[in-house]
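Protein chains in written order, with UniProt numbering: chain Z, 1 to 386; chain X, 1 to 386; chain U, 1 to 340; chain A, 1 to 340. Encoded as structure tokens, the structure appears first; notes follow it.
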Ligand SMILES: Cc1ncc(C[n+]2csc(CCOP(=O)(O)OP(=O)(O)O)c2C)c(N)n1
Ligand SMILES: Cc1ncc(C[n+]2csc(CCOP(=O)(O)OP(=O)(O)O)c2C)c(N)n1
Ligand SMILES: [Mg+2]
Ligand SMILES: [Mg+2]
């Protein structure tokens with residue numbers, strides 16, 4: 001079951017990997033946090049306890065961030081929040097697989113990946129707070145704006161990867177998708193083009209089993225989403241999305257392959273969306289709680305905790321430290337979001353073009369005139385009613 | 001190599017069929033018209049000499065029609081014509097696999113399939129003559145208008161198939177594609193949806209190696225287009241597109257499977273576009289004549305002729321008869337196209353909606369006024385200049 | 001122009017009509033159409049068990065079964081194309097695009113096929129598909145959830161483009177759309193989904209292509225549709241307190257356009273203000289303004305004003321109150337028109 | 001308004017400027033831009049070995065190599081999206097949509113990403129992509145090969161929309177489009193690909209957003225662009241023989257729009273006829289007519305007329321001469337305007 005020789009011909013990799021998907025996705029740890037008999041064989045680097053502890057910290061941090069963001073919705077500080085609870089291992093592994101100069105293409109569900117990349121929480125959550133669309137500089141963070149129109153980020157990843165390839169830069173683009181978005185035409189066009197260009201792109205599908213209310217079996221008749229790789233002549237790998245070690249192993253191999261000119265890879269991470277689609281959704285309408293309970297037992301954080309505890313790497317003291325770190329971070333988040341952000345209507349006109357057209361300048365004057373004196377003061381939330 | 005038990009699980013069918021694609025597509029006859037050792041084993045019905053002769057006649061007829069259409073372009077009777085020369089076996093097999101009540105979804109290249117279905121040549125060639133868009137009644141002929149926006153006919157086929165399934169009608173939709181169009185998002189969305197709905201659709205890709213000037217290796221990195229079936233969880237079959245017997249065998253199985261509720265199948269027919277993309281194209285810019293010569297030796301008509309001659313089914317007398325039939329048909333075509341067709345500007349306004357809107361009636365009056373007295377006369381070509 | 005002519009209630013109708021939301025009116029129209037004609041099928045993303053993200057299809061699968069109302073794979077072009085195929089076969093598909101901006105992937109199918117099917121087949125085959133699109137802003141949505149995309153469709157010959165603003169119209173117009181032999185893009189003003197009114201069934205609010213005068217007035221005409229109708233009514237209310245009487249004309253149908261009603265009203269008031277949420281430049285209001293300026297050339301006392309969304313991408317939630325036409329902006333335009 | 005200011009020829013320029021087709025002018029602009037800036041890359045369907053179906057990219061791969069000009073898989077959304085990614089990375093992609101109607105699959109990428117990239121990133125990242133679209137009719141093409149789709153794009157905030165009508169503009173405007181920090185939809189009037197004129201390089205015909213007076217006149221202004229420019233010039237020629245002097249204003253840029261030039265001209269002639277090939281209803285001409293009617297309200301002697309394509313799907317080749325605005329139809333509108 002150590003199928004990760006991605007340098008083998010794509011065809012045989014995907015085809016011969018096939019049968020394994022019928023049974024279990026690739027894993028290192030079982031659901032109880034014990035190494036699986038005959039499972040993946042990660043590199044020594046990945047299994048290094050210090051690395052693993054860093055991963056564990058990141059998982060805990062992602063969960064804390066996600067929990068706090070959910071709280072912020074309830075307090076009315078965020079307009080909406082699509083939680084990644086249960087999918088933290090995918091968020092962490094995606095970010096850890098990349099270098100600073102690599103590009104990440106996140107969706108609306110991947111806010112945790114943004115803060116893991118280092119983007120401040122207020123900037124990362126700007127979209128969901130409603131103060132602007134994208135709150136960070138994509139070039140500075142090598143992170144595209146979170147993408148909402150499903151699968152449309154796929155072709156952007158191809159463009160970034162192809163650009164890097166043509167420029168001779170050893171840069172990789174990692175593109176996140178949900179399972180539902182694999183049905184969109186843009187998913188297909190992106191994977192097909194990436195393979196033709198042999199662009200350095202890793203496509204990571206977080207198969208969390210649902211697209212809002214629609215379960216996977218209404219999304220595809222294939223035995224696995226990773227099967228789709230076959231039609232593009234690229235390797236497809238199905239991995240346990242709640243097993244950070246397995247994910248790291250697979251993504252490292254895929255990223256290395258891309259960086260070395262081996263072309264794109266499709267990775268399907270099998271995981272579960274523990275919360276409703278967003279806070280506005282009512283999951284009880286379409287799934288049973290015992291299904292959720294079953295997945296609660298496969299929690300990616302507990303699984304690694306058990307393993308690290310068994311290794312002796314994790315103990316109460318370290319847990320305490322991490323707890324404190326997380327608490328401090330979320331306390332700061334709460335503080336930052338308690339302040340009403342400043343914003344001014346002028347900004348609506350500033351970024352439509354590099355230089356505003358005469359028409360936009362006219363419209364800016366109109367809005368300014370409506371505001372009257374308020375224009376003199378720097379924009380604040382109090383300007384909301386005109 | 002008799003892989004046509006499509007009732008087996010789609011997955012295993014596609015996966016285990018895989019290796020054969022690396023070598024040769026499925027065939028019954030080799031390039032010299034002799035049965036291949038260990039090749040397909042067609043049914044007795046298909047191998048029945050009377051059936052085969054019917055197929056051969058159809059091939060000859062398709063070639064004659066195609067040749068005449070090309071002549072009509074040179075005579076200025078058709079505005080443009082995309083020839084199917086070299087692909088006649090696909091045209092014939094597609095039509096022969098269907099019953100009257102089944103639906104055919106042709107592209108601009110499949111005019112021969114239209115006349116094989118029985119549509120009069122003037123009606124079939126209306127689009128290319130420029131007298132209207134679609135010249136036949138799609139419902140009467142169970143044949144959708146020839147589709148130009150690439151791959152957009154795929155979802156229509158799904159809709160027709162799903163409609164039949166929901167209505168409980170034993171009706172199948174056969175959808176034609178070119179190799180290039182498999183890169184479009186609509187191709188993907190159609191195949192994926194068809195598989196999810198288990199709709200009775202057969203997708204037949206005529207892989208003629210080019211999309212205008214773009215060769216297949218710039219269209220896909222997969223070893224075969226049939227590989228794409230794997231990602232949809234449907235059977236994929238790669239067949240020699242110049243071997244009518246093999247095509248018939250494969251399509252019969254796929255159509256039967258669809259009709260019996262077994263869901264969709266993807267068939268890749270490996271063939272070659274002998275002519276330029278259309279008469280307006282200059283193929284010398286992107287391919288060498290020796291490549292064309294090589295494919296000339298794989299001609300689908302000659303191949304079957306050799307076999308039938310060896311069987312004793314075909315002889316000079318029968319050939320002569322067929323020749324005469326074809327000549328009579330094309331002579332009638334020439335006659336029909338020599339007449340300038342009648343057309344009247346009123347028609348532009350008649351079919352936009354079931355009942356013209358006031359705005360359209362106004363515009364019709366405007367055009368009528370411009371025509372002056374000419375409106376009284378039934379429309380003819382002489383009205384062209386206003 | 002009194003298009004709102006409620007029919008007599010059925011014998012067994014309740015004495016008092018129920019007060020329902022616009023979303024519920026759409027839901028009821030779907031259910032009644034499905035009950036009346038088994039060719040009517042409803043499909044789209046999340047329309048089944050969930051009942052749609054706005055609950056507009058709530059209960060349809062439970063009542064009519066999975067063959068009549070079903071979830072599709074997440075692929076808008078395919079949803080549209082499947083509907084076309086089913087329509088050709090003989091069904092009456094009603095599909096939902098989850099939000100305005102998520103109809104864009106289906107635009108090729110709409111423009112190159114749906115709008116042209118009857119025309120290209122010389123009248124042999126129509127494509128009676130209804131495409132329901134919740135549209136417009138003011139709901140605090142993140143980007144891509146508040147577009148007003150009606151202009152793209154209204155400019156495309158071959159489509160009918162409707163948009164109700166009242167509960168009764170939501171019901172009546174959707175029933176008519178489903179009965180239409182031609183494709184209808186049915187824009188549902190999503191901010192008004194939760195607006196309520198009494199709904200007495202059956203109701204028929206006048207044929208497709210007729211506008212409705214929502215308030216009579218003599219000083220200027222506010223030409224509007226969808227979410228802008230209540231905005232214009234509020235402006236008219238306010239103006240009335242200052243003695244200015246504004247006529248509010250709810251177009252209901254963008255294609256076909258009730259030019260007669262527009263010309264009649266503006267011919268009378270001699271001033272027109274066109275109001276919609278879509279960006280103004282080359283927006284639907286341009287057609288209205290151009291047409292009014294042409295047809296009422298000798299009656300107009302002031303230039304036709306346009307009060308529309310700004311010519312910017314739809315802004316983030318905190319900014320949208322600056323973007324959206326509101327009563328104040330409408331009244332400013334009225335003042336300018338009256339001063340001209 | 002004399003936007004056509006040719007620069008001095010370079011020292012080593014040939015004494016006599018070559019006469020070239022508009023297609024060749026575009027080709028030369030692409031080659032010169034690629035030579036001047038190695039960030040410029042050209043890709044699309046059949047643009048490589050074939051040189052494009054209109055031969056506009058002829059020779060680029062041979063000269064600059066496959067990394068600078070290359071064929072893509074047949075997937076327009078992906079072509080557009082790839083261009084966006086490359087632009088964000090630092091390239092200057094110029095992509096070709098093979099025909100007007102084949103840009104529709106890319107509309108979601110254009111509307112939801114290309115047009116909004118700078119805006120949604122608060123100015124941090126632009127998307128300097130040029131999308132070349134051969135458009136318009138009159139070439140006897142089968143369905144889907146003759147659409148005029150400019151309105152969809154002009155109505156979408158965040159895009160520049162340009163369309164040259166002369167050989168010099170084709171060169172100059174494309175160079176400017178490639179240099180623009182913002183996305184440009186570059187509509188190439190395909191019927192004019194084979195029109196010829198002398199082209200002296202380098203040439204700069206005035207900045208983006210400026211219109212050009214192609215003929216001066218005092219009796220009415222013909223406002224036009226793209227393929228309608230020669231139609232209007234022909235009409236003006238004919239009118240002049242009858243003593244009517246028509247001003248022909250070639251917009252060149254639909255977004256930004258040179259409102260000043262329009263108002264100046266119509267303020268002077270007091271009559272305007274707007275001409276384009278796209279369907280009239282809610283077409284770009286509606287914006288022009290509405291704007292003129294508003295800004296020149298007190299100057300206009302007659303309603304602004306629109307001479308446009310009919311409100312029908314683009315018809316088959318044999319019918320297109322009835323569909324297309326021609327000099328006669330323009331002159332009929334002029335007559336009506338002069339009689340008002
Ligand atoms: C093109 C498009 N269509 C529809 C939507 C509405 N929508 C938002 S999220 C979603 C479900 C996506 O499911 P999946 O891809 O599995 O991602 P997940 O939310 O599970 O992470 C839908 C239908 C959209 N954003 N874009
Ligand atoms: C959506 C779309 N994009 C581009 C085109 C222009 N076009 C017409 S045919 C063609 C090549 C198609 O190749 P293929 O699918 O292999 O079919 P073939 O012509 O070889 O039969 C192209 C690019 C089109 N018709 N539709
Ligand atoms: Mg999901
Ligand atoms: Mg081909």
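Even glycine gets a Cβ: it sits at the ideal position worked out from N, Cα and C. As the structure is a computational prediction, the values presented were derived from the model and not from experiment.
- When DSSP states are grouped into helix, strand and coil, residue 125 (chain Z) belongs to the coil group.
- Assigned with DSSP and collapsed to three states, residue 210 (chain X) falls in strand.
- Neighbourhood of residue 286 (chain Z) in chain U, by CB distance below 7 Å: 49, 50, in chain order.
- When Cβ-Cβ separations below 8 Å define contact, residue 178 (chain Z) makes no contact with chain A.
- The alpha-carbon separation between residue 313 (chain U) and residue 191 (chain A) amounts to approximately 33 Å.
- With respect to chain U, the C-beta atom of residue 219 (chain Z) has a partner C-beta closer than 8 Å.
- The beta carbon of residue 70 (chain A) sits closer than 6 Å to the beta carbons of 43, 48 from its chain, once the five residues preceding and following it are set aside; these are given in chain order.
- By the neighbour-count definition (other C-beta atoms within 10 Å, threshold 16), residue 218 (chain Z) is a buried residue.
- In the displayed model, residue 273 (chain U) falls within a strand according to three-state DSSP.
- Counting every other CB atom within 10 Å of its CB across the protein chains shown gives residue 106 (chain Z) a total of 16 or more, marking it as buried.
- Setting aside the 5 residues that flank it on each side, residue 160 (chain X) is surrounded in the same chain by 103, 173, each with a C-beta closer than 7 Å to its C-beta; the list follows chain order.
- For residue 319 (chain A), the C-beta contacts it makes with chain X under 8 Å involve 343, 345, 347, 348, in order along the chain.
- In the structure shown, residue 118 (chain Z) adopts coil according to DSSP, grouped into three states.
- In terms of beta-carbon proximity, residue 176 (chain U) stays away from the interface with chain X, with every pair separated by 8 Å or more.
- Counted as a single uninterrupted DSSP element, the beta strand (DSSP E) harbouring residue 253 (chain U) occupies residues 253-255.
- Scanning its chain for C-beta atoms nearer than 7 Å, with the 5 sequence neighbours on each side dropped, one finds around residue 226 (chain Z) the residues 21, 236, 237, 238, 266, 268, in chain order.
- The C-beta distance from residue 39 (chain A) to residue 90 (chain A) rounds to 6 Å, short enough to meet the 8 Å contact threshold.
- Residue range 103-105 is occupied by the beta strand (DSSP E) that includes residue 103 (chain X).
- Inclusion of residue 265 (chain A) and residue 205 (chain A) in the CB contact set at 8 Å is not warranted, their separation being larger than that value.
- By the Cβ-count criterion, residue 289 (chain Z) is exposed, with fewer than 16 other Cβ atoms from all chains shown falling within 10 Å of its own Cβ.
- When DSSP states are grouped into helix, strand and coil, residue 160 (chain A) belongs to the strand group.
- Inclusion of residue 97 (chain U) and residue 83 (chain U) in the CB contact set at 8 Å is not warranted, their separation being larger than that value.
- Measuring C-alpha to C-alpha distances from residue 229 (chain Z) to each of Z:240, Z:261, Z:196, Z:243 identifies Z:196 as the nearest.
- At least one C-beta of chain A is nearer than 8 Å to the C-beta of residue 151 (chain U).
- Contact annotation: residue 286 (chain U) and residue 287 (chain A) have beta-carbon atoms nearer than 8 Å.
- Proximity of the beta carbon of residue 203 (chain Z) to ligand 1 is not indicated: no heavy atom of the ligand is located closer than 7 Å.
- Per DSSP, residue 292 (chain U) has no beta-bridge partner at all.
- Collapsing the DSSP output to three states places residue 81 (chain X) in coil.
- For residue 224 (chain U), the uninterrupted beta strand (DSSP E) run begins and ends at 220-224, by DSSP.
- At a threshold of 7 Å, residue 283 (chain X) does not count as near ligand 2, since its beta carbon sits no closer than that to any of the ligand's heavy atoms.
- With contact defined as three or more Cβ pairs closer than 8 Å, the region 149-163 of chain A and the region 288-303 of chain A are not in contact.
- Counting only runs of at least 3 residues, the region 154-188 of chain X fully encloses the following beta strand (DSSP E) elements, listed from N- to C-terminal order: 173-178.
- Within the region 124-150 of chain A, those residues whose Cβ lies closer than 7 Å to any Cβ of chain X are, in chain order, 140, 142, 143, 144.
- Going by C-alpha positions, residue 281 (chain U) is about 27 Å away from residue 208 (chain U).
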